[in-house]
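Visitor: Numbers 1 to 80, taken from UniProt numbering, label the letters of the sequence shown in order.
Ideal placement from N, C-alpha and C gives every residue a C-beta, glycine not left out.
Remember, it's a predicted structure, so these values are computed and weren't measured experimentally.
Below is one structure. I have some questions about it.
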Amino acid sequence: MEPTPVDAARHQLLDFTRCAACGAPLTATRCARCGLDLGGDDGARIADASRAAVRALDARREVVDAVRARQAAGAGVPGA
């Protein structure tokens with residue numbers, strides 16, 4: 001199966017080797033391209049928010065998969 005845009009978003013959100021703001025490769029805690037400092041408490045908050053976003057994307061995928069399975073089983077769309 002080909003990766004989806006959601007798969008790409010998950011990967012980007014969890015790639016802590018790149019700047020969370022501009023995507024540039026990180027060689028230190030401060031991004032050389034945009035200047036964002038990803039160290040300390042601020043960096044931890046950004047990483048936590050990224051992980052929370054991935055959890056939300058995973059929960060959405062579970063709902064989509066459940067709807068797809070229900071529809072494939074012939075249950076159809078409620079109220080239709």
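Exposed or buried, what is ALA21 when buried is set at 16 or more other beta-carbons lying within 10 Å of its beta-carbon?
Guide: If you number the sequence shown from 1, residue 21 lands on position 21. Exposed, by the Cβ-count rule.
Visitor: Need the endpoints of the alpha helix (DSSP H) that ALA38 sits in, please.
Guide: Mapped onto the sequence shown, residue 38 falls at position 38. Per the sequence shown, residue 38 should be read as Leu rather than Ala. Unbroken run through LEU38: none, as it is neither H nor E.
Visitor: Using 8 angstroms as the threshold, is the stretch 11 to 29 in touch with the stretch 38 to 48, meaning 3 or more CB pairs across them?
Guide: The stretch 11 to 29 is in contact with the stretch 38 to 48.
Visitor: Using beta-carbon positions only, say whether ARG10 and VAL63 come within less than 8 angstroms of one another.
Guide: Locating residue 10 in the sequence shown gives position 10, counting from the first residue. Locating residue 63 in the sequence shown gives position 63, counting from the first residue. No. Outside cutoff.
Visitor: With PRO5 as the anchor, note down where its alpha helix (DSSP H) starts and where it stops.
Guide: Residue mapping note: residue 5 aligns to position 5 of the sequence shown, counting from 1. Its alpha helix (DSSP H) spans residues 5 to 14.
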